[in-house]
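Right, one structure below, let's go through it.
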Amino acid sequence: MAALNLARLIAAAADAIAAHAEELTALDQAIGDGDHGLNMKRGFEAVRAEADLFAAKPLPEALKAIGTKLVMTVGGASGPLFGTLFMALGKEISAEPDRANLTAAFGKAIEAVAARGKSQVGQKTMLDVLQPVHDALAGEKTAAEIADIADAAAKATVPMKALRGRASFLGDRSIGHMDAGARSTALLVRTVAQAIGEDA
Amino acid sequence: MSNVGIVIVSHSPLVAEGTADMVRQMVGDEVPLAWCGGNGHGGLGTSVEAIMGAIEKAWSEAGVAILVDLGGAETNSEMAVEMIGEPRAQKIIVCNAPIVEGAVMAATEASGGASLKEVVATAHELSPS
Numbered sequence: 019m020a021a022l023n024l025a026r027l028i029a030a031a032a033d034a035i036a037a038h039a040e041e042l043t044a045l046d047q048a049i050g051d052g053d054h055g056l057n058m059k060r061g062f063e064a065v066r067a068e069a070d071l072f073a074a075k076p077l078p079e080a081l082k083a084i085g086t087k088l089v090m091t092v093g094g095a096s097g098p099l100f101g102t103l104f105m106a107l108g109k110e111i112s113a114e115p116d117r118a119n120l121t122a123a124f125g126k127a128i129e130a131v132a133a134r135g136k137s138q139v140g141q142k143t144m145l146d147v148l149q150p151v152h153d154a155l156a157g158e159k160t161a162a163e164i165a166d167i168a169d170a171a172a173k174a175t176v177p178m179k180a181l182r183g184r185a186s187f188l189g190d191r192s193i194g195h196m197d198a199g200a201r202s203t204a205l206l207v208r209t210v211a212q213a214i215g216e217d218a
Numbered sequence: 050m051s052n053v054g055i056v057i058v059s060h061s062p063l064v065a066e067g068t069a070d071m072v073r074q075m076v077g078d079e080v081p082l083a084w085c086g087g088n089g090h091g092g093l094g095t096s097v098e099a100i101m102g103a104i105e106k107a108w109s110e111a112g113v114a115i116l117v118d119l120g121g122a123e124t125n126s127e128m129a130v131e132m133i134g135e136p137r138a139q140k141i142i143v144c145n146a147p148i149v150e151g152a153v154m155a156a157t158e159a160s161g162g163a164s165l166k167e168v169v170a171t172a173h174e175l176s177p178s
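Protein chains in written order, with the working numbering: chain A, 19 to 218; chain B, 50 to 178.
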């Protein structure tokens, strides 16, 4: 795997979140508290503002610093969850990861997110996208296929009943809406997959 | 101060401040106390940075018990404890208890010089297991 252009990737991720901020907010308004788009945009703009600083660090340190920045700026419950994803990824990944290392690190990061949210797959959360993406990484899928798998996984949260987070207060009424965190996770996966595809 | 500190974390600054006010009036000033609430941008929510600040403010060598309201407050509080890091993190516990009753009962216990473990146990007794 070629070295990532991290500054470019950060800009692309911030662009993707900004472009879909209204959609994320609309999803969150249906079954959450309606701040997901705004929160994620604020966090990723804060990361974009210091992109050069992050890009100058070795990959593990960069990911940990991005995670910390997200924790401090996203707010809501998403801050610690997305922050933990990046921080844990940074803890486990090597400076120049191959696919096996990336897959293993991603698996550990998913465990960390599950522990942080006291959640598991099947509860209508970002984990429902992260886990299929991990399986696809382990299963030799291409970057483009992984992006599609992430989108399909986000859509698959529509018929699920929320068991964690604010959406769980709605019980059965959470059924029929896509989980906002799953959607933003799929957006980020597609951005990374595209960047890896271009840089490879 | 040698008594266990109490931190109150609500999605609403009004709830957090009101709960702290009840603790002050019902328990007194023998307990280090801090509160935070709101997302830092004028809306409902909790902020890791604000929680870390509240823990600093209520810090006691005897430890700090945190009382929270809804799920995100718990997640953010646990994140704040982790970011404060060891050795202090092991002396900070997020309680599983109703925020108002838990804060008053925990502070009452703490004001008598109880250990962190005792303070937290008192708060936990309020939660149906």
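Positions of the beta carbon are idealized from the N, C-alpha and C atoms, including for glycine.
At the level of alpha carbons, what is the spacing between A:ALA130 and A:ALA106?
7 Å
Select from the region 58-69 of chain A all residues with a C-beta closer than 7 Å to any C-beta belonging to chain B, and list them in chain order.
Within the region 58-69 of chain A, not one residue has a Cβ closer than 7 Å to any Cβ of chain B.
Should the region 54-65 of chain B be called in touch with the region 91-107 of chain B, which here means at least 3 C-beta pairs below 8 Å?
yes
Taking only runs of the beta strand (DSSP E) that begin and end inside the region 76-152 of chain A, which ones reach a length of at least 3 residues, in chain order?
none
Helix, strand or coil at B:GLY162 [DSSP, three-state]:
When secondary structure is reduced to three states using DSSP, B:GLY162 falls in the coil class, being assigned neither helix nor strand.
Test: A:VAL131 CB closer than 8 Å to a CB of chain B:
no
For a test of the three-state rule: what should DSSP assign to B:ILE45, helix, strand or coil?
Since the first and last residues shown for chain B are 50 and 178, residue 45 of chain B lies out of range.
In whole angstroms, what is the alpha-carbon distance linking B:LEU175 and A:GLY94?
26 Å
State yes or no: is the beta carbon of B:ASN88 nearer than 8 Å to at least one beta carbon in chain A?
yes
With 8 Å as the limit, tell me which residues of the region 93-122 of chain A have their beta carbon closer than that to any beta carbon of chain B; keep them in chain order.
GLY93, GLY94, ALA95, GLY97, PRO98, LEU99, GLY101 and THR102
Using CA atoms only, rank isn't needed, just tell me which of B:ALA170, B:GLY161 and B:GLU158 is closest to B:VAL143.
B:ALA170
Given that A:ASP53 touches chain B, what residues does it touch there, using C-beta distances under 8 Å?
Within chain B, ASN88, GLY92 and GLY94 have C-beta atoms less than 8 Å from the C-beta of A:ASP53, given in sequence order.
Close Cβ partners of B:GLY121 (< 8 Å) along its chain, the five nearest in sequence each way excluded:
HIS60, GLY94 and THR95
Within the 8 Å Cβ cut-off, does A:MET144 reach chain B?
no
Whose CA, out of A:THR121, A:GLY61, A:ARG201 and A:ALA122, lies closest to the CA of A:GLY97?
A:GLY61
So, for A:LEU34: in the same chain, excluding its five sequence neighbours on each side, which residues have a beta-carbon less than 6 Å away from its beta-carbon?
A quick correction: the sequence has Ala, not Leu, at residue 34 of chain A. Here A:ALA34 has LEU205 and THR209 as same chain residues with Cβ atoms under 6 Å from its own Cβ, once five neighbours each way along the sequence are excluded.
Listed by chain order, chain A residues near B:ASN125 by CB distance under 9 Å
Residues of chain A passing the Cβ test: VAL89, GLY93, GLY94, ALA95, GLY97 and PRO98.
Nearest to A:ALA200 (by Cα), restricted to the options A:LEU77, A:GLU114, A:THR175 and A:ALA48
A:THR175
Quick one: which chain A residues come within Cβ less than 7 Å of B:VAL56?
None at all; the shortest Cβ gap to chain A is about 17 Å.
May I ask you to verify whether the region 124-143 of chain A touches the region 169-187 of chain A, counting CB pairs closer than 8 Å and requiring at least 3?
yes
Can you say whether B:HIS90 is buried or exposed, counting buried as having 16 or more other CB atoms within 10 angstroms of its CB?
Exposed is the label assigned to B:HIS90, since fewer than 16 other Cβ atoms lie within 10 Å of its Cβ.
Candidates B:GLN74, B:GLY162, B:GLU167 and B:VAL53: which alpha carbon is nearest B:ILE46's?
Past the boundaries of the shown model lies residue 46 of chain B; chain B is included only from 50 to 178, so the question cannot be answered.
Based on the DSSP output, what are the partners of B:GLY86 in its beta bridges?
Paired residue(s): B:SER59.
Which chain A residues sit within Cβ distance under 7 Å of B:VAL97?
Under the 7 Å cutoff, chain A gives VAL89, MET90, GLY97 and PRO98.
Give the interface partners of A:ARG134 over in chain B, defined as CB-CB distance under 8 Å, in chain order.
THR124, GLU127 and MET128
Starting from B:ALA114, trace the beta strand (DSSP E) both ways and give me its first and last residue.
Looking at the DSSP string, the run of the beta strand (DSSP E) that includes B:ALA114 is 113-117.
Under 7 Å from the C-beta of B:GLY121: neighbouring residues of chain A
GLY94 and ALA95
Leaving out the 5 sequence neighbours to the left and right, which residues in its chain are closer than 8 Å to A:LEU56 when beta-carbon positions are compared?
ALA39 and THR43
For B:ILE118, count neighbouring C-beta atoms within 10 Å of its own C-beta (all shown protein chains included) and say buried if the count is 16 or more, exposed if not.
In the sequence on display, residue 118 of chain B carries Asp and not Ile. The residue is buried, with at least 16 neighbouring Cβ atoms inside 10 Å.
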